[in-house]
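Below is one structure; the comments refer to it alone.
In our numbering, the protein residues as written are 7 to 252.
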């Protein structure tokens, strides 16, 4: 998950940094929700207002992982209300039922970010995901990790990161190495040795999957996972652009 990729820092942030990070997270969450609503608007069958209670299932159908609480909102209504003046024109009682209905802005009226899309995409890829775009670096990291997991099983993410950091010559900070390792979890390259373990993600013992036969498999999984994250984050990204970045 994206929050796993960007949620761990090397040093505890001071109060000012924590507050700044909180605002950045709120802004990112709002953009993710906004992008999903725009996807809905582009695919809805009519321009008629829709009842608030009917809208959420349609968003979940577009993006099954959608949850307003994961975006930082206490309720779905709070999430939709935060979009008023932008994607949402108004929320008002339905004349017939009295239930809240949502009236959307026209697509051509929706204010699009002045930020250059490619710049924003590149920023997320390099700053948030710390994507390793050098094939030689990806290959070496994959080789080191594959060799380690063949000899050490189970192993925690902490142990994987420490080993890679001590056996690579690229001088990558540990936070960059962690963000190389995190996308490989959740049964992609390795899985939990003990599903009942209740500790933190980075301290859970992991075992390499039987279908991982080489370092090339690890590198392929890494690139595919980053591609999926980028497609989820930037729903309208062109495949040609994404291919050029990965």
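Every residue, glycine too, gets a C-beta built ideally from N, C-alpha and C.
Run of the alpha helix (DSSP H) containing residue i, from where it starts to where it stops
| i | result |
| --- | --- |
| residue 210 | Residue 210 -> no alpha helix (DSSP H), and no H or E assigned at all. |
| residue 152 | 141-157 |
| residue 279 | Within the shown structure, residues of the chain are numbered from 7 to 252, placing residue 279 beyond reach of any answer. |
| residue 250 | 245-251 |
| residue 228 | 221-239 |
| residue 168 | 163-173 |
Burial state of residue i, where buried means 16 or more other Cβ atoms lie within 10 Å
| i | result |
| --- | --- |
| residue 217 | exposed |
| residue 99 | exposed |
| residue 239 | buried |
| residue 244 | exposed |
| residue 224 | buried |
| residue 93 | buried |
Contact check, residue i vs residue j, beta carbons under 9 Å
| i | j | result |
| --- | --- | --- |
| residue 144 | residue 227 | no |
| residue 82 | residue 42 | no |
| residue 221 | residue 153 | yes |
| residue 108 | residue 127 | no |
| residue 251 | residue 178 | no |
| residue 77 | residue 39 | yes |
Inter-residue Cα distance where the pair is residue i and residue j
| i | j | result |
| --- | --- | --- |
| residue 194 | residue 68 | 24 Å |
| residue 125 | residue 147 | 27 Å |
| residue 150 | residue 173 | 7 Å |
| residue 176 | residue 135 | 18 Å |
| residue 183 | residue 209 | 16 Å |
| residue 155 | residue 75 | 36 Å |
| residue 211 | residue 191 | 11 Å |
| residue 231 | residue 102 | 47 Å |
Bounding residues of the beta strand (DSSP E) (the contiguous stretch that carries residue i)
| i | result |
| --- | --- |
| residue 196 | 196-198 |
| residue 109 | 106-110 |
Could you tell me which uninterrupted alpha helix (DSSP H) segments, each at least 4 residues in length, are contained entirely in the region 53-99, listed from first to last along the chain? If one requires a minimum length of 4 residues, the alpha helix (DSSP H) runs lying completely within the region 53-99 are 58-68 and 82-87, in chain order.
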